[in-house]
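Chemist:
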Amino acid sequence: MGSNFQYKWLISGVLAVVIQLLFLRDLALFYYGFCFIYLWAIFKAPIDTPPVYLILGGFALGWLLDMFYNTHGMHAFSTVLVAWLRPTFFKILTPANGYDERSTISLAEMKWMWFFPYLGLMLFTHHFVLFQLEASESSLFGLSLWKAFLSTILGAIVFTLLELFNKGK
Numbered sequence: 002m003g004s005n006f007q008y009k010w011l012i013s014g015v016l017a018v019v020i021q022l023l024f025l026r027d028l029a030l031f032y033y034g035f036c037f038i039y040l041w042a043i044f045k046a047p048i049d050t051p052p053v054y055l056i057l058g059g060f061a062l063g064w065l066l067d068m069f070y071n072t073h074g075m076h077a078f079s080t081v082l083v084a085w086l087r088p089t090f091f092k093i094l095t096p097a098n099g100y101d102e103r104s105t106i107s108l109a110e111m112k113w114m115w116f117f118p119y120l121g122l123m124l125f126t127h128h129f130v131l132f133q134l135e136a137s138e139s140s141l142f143g144l145s146l147w148k149a150f151l152s153t154i155l156g157a158i159v160f161t162l163l164e165l166f167n168k169g170k
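Under this note's numbering, residues 2 to 170 are what the sequence shown spells out, in order.
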């Protein structure tokens, strides 16, 4: 992993958080679907990123969002969980010939048969845990599931658009 890529990844992660806080804070799809673009930093982290860095980065991102959203650790918990589960998702979705050490997580390189299951697993896990924590009652399980589903759809659309616009770079 080249240092140029590390800087691009770090800058895109910071930019994603800024966009989340300034523009996407109050954006909702049918009052139930939310776009959490700050997950882009965890989602696009290089494949060989050590899990400890992912977990610490996930905590920092989640904690920053919790400070601005006043959600008392819900984003931090959900993001750390997704960062912790990311290597497991890679094991589940490993291609037949494995991962190349130069592989990057992108629609252009990994193709849709790998990219969308990975995206769906990451987003749905994060959103479901976040909304279930927010609900804090098992009687609201259906609502949490609905919000997670709509948010995953919206997030998948936004992340796919980001991938398509970033295709040539």
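Built from N, CA and C at the ideal position, the CB exists for glycine as well.
Can you list, in chain order, the residues of its chain whose CB lies under 7 Å from that of residue 107, leaving out five sequence neighbours each side?
Modeler: Position 106 of the sequence shown, counted from the start, is the residue given in the question as residue 107. Only 164 meet the Cβ criterion.
Chemist: Which stretch, first to last residue, makes up the alpha helix (DSSP H) that contains residue 128?
Modeler: To locate residue 128, count along the sequence shown from 1; it is residue 127. Element bounds for residue 128: 113-136.
Chemist: In whole angstroms, what is the alpha-carbon distance linking residue 79 and residue 162?
Modeler: Counting from 1 along the sequence shown, the entry for residue 79 is found at position 78. Counting from 1 along the sequence shown, the entry for residue 162 is found at position 161. If you take the alpha carbons of residue 79 and residue 162, they lie about 24 Å apart.
Chemist: Tell me the rounded alpha-carbon separation between residue 54 and residue 48.
Modeler: Against the sequence shown, residue 54 aligns to sequence position 53. Against the sequence shown, residue 48 aligns to sequence position 47. In a straight line, the C-alpha of residue 54 is about 12 Å away from that of residue 48.
Chemist: With burial defined as no fewer than 16 other Cβ atoms inside 10 Å of the residue's Cβ, what is the status of residue 145: buried or exposed?
Modeler: On the sequence shown, residue 145 is found 144 positions in, with the first residue counted as 1. With 16 or more Cβ atoms within 10 Å of its Cβ, residue 145 is classed as buried.
Chemist: Quick one, which of 111, 138, 85, 87 has its alpha-carbon nearest residue 96's?
Modeler: What you label residue 96 is simply residue 95 of the sequence shown in a count that begins at 1. The candidate whose alpha carbon is nearest that of residue 96 is 111.
Chemist: Using a 10 Å radius around the Cβ and a threshold of 16 neighbouring Cβ atoms, would you call residue 21 buried or exposed?
Modeler: Here residue 21 refers to the residue found at position 20 of the sequence shown. Classification for residue 21: buried.
Chemist: If you run the structure through DSSP and keep just helix, strand and coil, what is residue 166?
Modeler: For the purposes of this step, residue 166 is taken as the residue at position 165 of the sequence shown. Residue 166 falls in the helix class under three-state DSSP.
Chemist: Would you tell me roughly how many angstroms separate the C-alpha atoms of residue 26 and residue 64, rounded to the nearest one?
Modeler: Along the sequence shown, one-based indexing puts residue 26 at 25. Along the sequence shown, one-based indexing puts residue 64 at 63. Answer to the nearest angstrom: the Cα atoms are 15 Å apart.
Chemist: Does the contact criterion of 3 or more C-beta pairs under 8 Å hold for the region 66-76 versus the region 116-123?
Modeler: Taking 8 Å as the limit for Cβ pairs, the verdict is that the region 116-123 does not touch the region 66-76.
Chemist: So if DSSP puts residue 35 in a beta bridge, which residue, or which two residues, is it bridged to?
Modeler: Here residue 35 corresponds to residue number 34 of the sequence shown, with the count starting at 1. Bridge partners of residue 35: 29.
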